[in-house]
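In the numbering used here, the protein residues as written are 9 to 269.
Glycine residues also receive a C-beta, built at the ideal position from the N, C-alpha and C atoms.
Following this line, the structure appears as structure tokens:
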């Protein structure tokens with residue numbers, strides 16, 4: 009079953025890789041099959057098998073022999089890996105995202121698949137283009153609202169308030185730094201992800217976002233990949249910290265805010 013989940017994740021990752029490439033370029037995902045960015049030749053189905061086709065073709069287009077970006081391989085592999093981890097640690101998810109325990113099993117899986125794919129797509133687009141498409145954030149927030157309504161409890165109000173308070177915190181940082189540290193896209197993203205998590209989990213998630221961002225930033229500067237004044241997209245750190253909190257929130261809470269247990 010774990011292998012099936014990984015293959016499913018990698019297959020959906022292939023779609024996310026295409027969507028994250030087309031969306032910033034205003035190319036409809038429904039406009040034709042996948043094509044080589046260099047020669048525009050359509051990619052045959054047997055050359056579009058997640059992970060395996062890239063390795064078999066050694067990262068080159070069969071038609072023009074020019075290199076194809078490794079982003080497709082890494083997005084597919086990462087999505088498969090994330091799906092595998094979510095499957096293995098699904099009991100942790102129910103503990104760390106309390107609304108999941110109140111949903112039917114099919115709704116739980118559908119919700120997890122939806123927000124995971126949206127998170128990975130947002131991660132890739134923000135990393136590559138430093139933008140977070142509103143459409144993806146609104147879809148995620150809508151999925152969260154529907155899940156909260158389906159839970160049938162007062163979690164609806166608590167989680168919505170958590171989302172808007174998280175966004176307010178980020179907005180204050182944007183205003184204080186005049187957009188130097190993050191942008192309004194990050195603020196909107198906080199509404200979506202904050203509404204999925206509970207209050208304590210949201211505190212840990214936001215804290216981890218800054219810790220992860222600071223650590224990676226220092227490493228990049230030390231490696232001379234970026235300068236002190238270089239802009240680094242913050243969305244990927246928000247997404248990565250969200251997934252870490254979803255998987256290991258209870259342990260992180262016991263370390264970061266032990267007195268809330």
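Our two residues, residue 9 and residue 154, have alpha carbons roughly 28 angstroms apart in a direct line. Straight through space, the alpha carbons of residue 263 and residue 133 are spaced by roughly 32 angstroms.
By the 16-neighbour rule on beta-carbons within 10 angstroms, residue 167 is buried. Here DSSP, grouped into helix, strand and coil, assigns residue 141 to coil. In this structure, the CA atom of residue 241 is about 17 angstroms from the CA atom of residue 201. With contacts defined by Cβ atoms closer than 8 angstroms, residue 171 and residue 182 do not form a contacting pair.
Residue state for residue 43 is assigned as strand, using DSSP reduced to three classes. One thing to note: residue 120 has its Cβ no nearer than 8 angstroms to the Cβ of residue 24.
Residue 75 is bridged by DSSP to 68. Taking 8 angstroms as the cut-off, the beta carbon of residue 41 is found closer than this to the beta carbon of residue 51. About 19 angstroms separates the CB atoms of residue 184 and residue 199; that is not less than 8 angstroms, and the two are not in contact.
In the DSSP annotation of this structure, the continuous segment of the alpha helix (DSSP H) that includes residue 244 starts and ends at 243–264. Assignment of alpha helix (DSSP H) within the segment 190–239, counting only whole runs of 4 or more residues, yields 192–204 and 207–230 in chain order. Under the Cβ criterion (8 angstroms, minimum of three pairs), the segment 100–118 does not count as touching the segment 22–38. Annotation: the continuous alpha helix (DSSP H) that includes residue 19 extends over 10–30. Within the model, the alpha-carbon separation for residue 86 versus residue 93 is close to 10 angstroms. Only exposed fits residue 143, as fewer than 16 other CB atoms lie within 10 angstroms of its CB. Taking each of 188, 56, 55 and 75 in turn and checking the Cα distance to residue 238, the smallest one comes out for 188. Counted as a single uninterrupted DSSP element, the alpha helix (DSSP H) harbouring residue 104 occupies residues 98–104.
Per the coordinates, the alpha-carbon of residue 118 lies some 16 angstroms from the alpha-carbon of residue 18.
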